[in-house]
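Once you know that position 38 of the sequence shown is 1027 in my numbering, the rest is easy, because the numbers rise by one and skip nothing. Even glycine gets a Cβ: it sits at the ideal position worked out from N, Cα and C. Below is one structure; the comments refer to it alone.
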Amino acid sequence: CKISLADRLQIEVNVASDAERLLMPKMILQLCLENAIKHGIAKNRVGGVVAVKVWCEEKLYIEVVNPLVVSAQPSDGL
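Quick look at the structure:
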């Protein structure tokens, strides 16, 4: 099942200059983005912004944020 999100999806990317030349496994960012889009954008009628932030503080950090509102209900999921 394909979902067209072109008009509802915006992506903001912020990569710190000290992290621009660092390498990471290819699939890590893709899996995080797919998850953020599937759970935060695709289910939202108005869409939204997926923000990606990459920086380095002795380690490489990657943060992917979506507009999903977290449920206060307990879950049996991961």
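CB contact flag (residue i, residue j, <8 Å)
i: Val-1002; j: Ala-1025; result: no
i: Val-1043; j: Ala-1005; result: yes
i: His-1028; j: Leu-994; result: no
i: Leu-1049; j: Met-1016; result: no
i: Ile-1051; j: Leu-1020; result: no
Close beta carbons around residue i, own chain, < 8 Å, minus the five adjacent residues each side
i: Glu-1047; result: none
Whole-Å CB distance - residue i paired with residue j, under 8 Å assumed
i: Leu-1011; j: Gly-1036; result: 30 Å between Cβ atoms; not a contact.
i: Cys-1045; j: Asp-1007; result: 5 Å
Contacting residues, own chain, Cβ-Cβ under 6 Å from residue i (five flanking each side not counted)
i: Asn-1055; result: Ala-1025, Gly-1029, Val-1039
Sequence-distant residues of its chain with Cβ nearer than 7 Å to residue i (five each side left out)
i: Ala-1033; result: Here residue 1033 is Asn; the residue named in the question, Ala, does not match the sequence. Here the set comprises Pro-1056.
i: Cys-990; result: Summary for Cys-990: the model assigns pLDDT 47, below 50, so the residue's position carries little reliability, and this model does not support an answer.
Inset, instruction - Could you name each continuous beta strand (DSSP E) segment of 3 residues or more that falls completely within the region 995-1043, going from the start of the chain to the end? - result: Entirely contained in the region 995-1043, the beta strand (DSSP E) runs reaching 3 residues are, in chain order, 998-1004.
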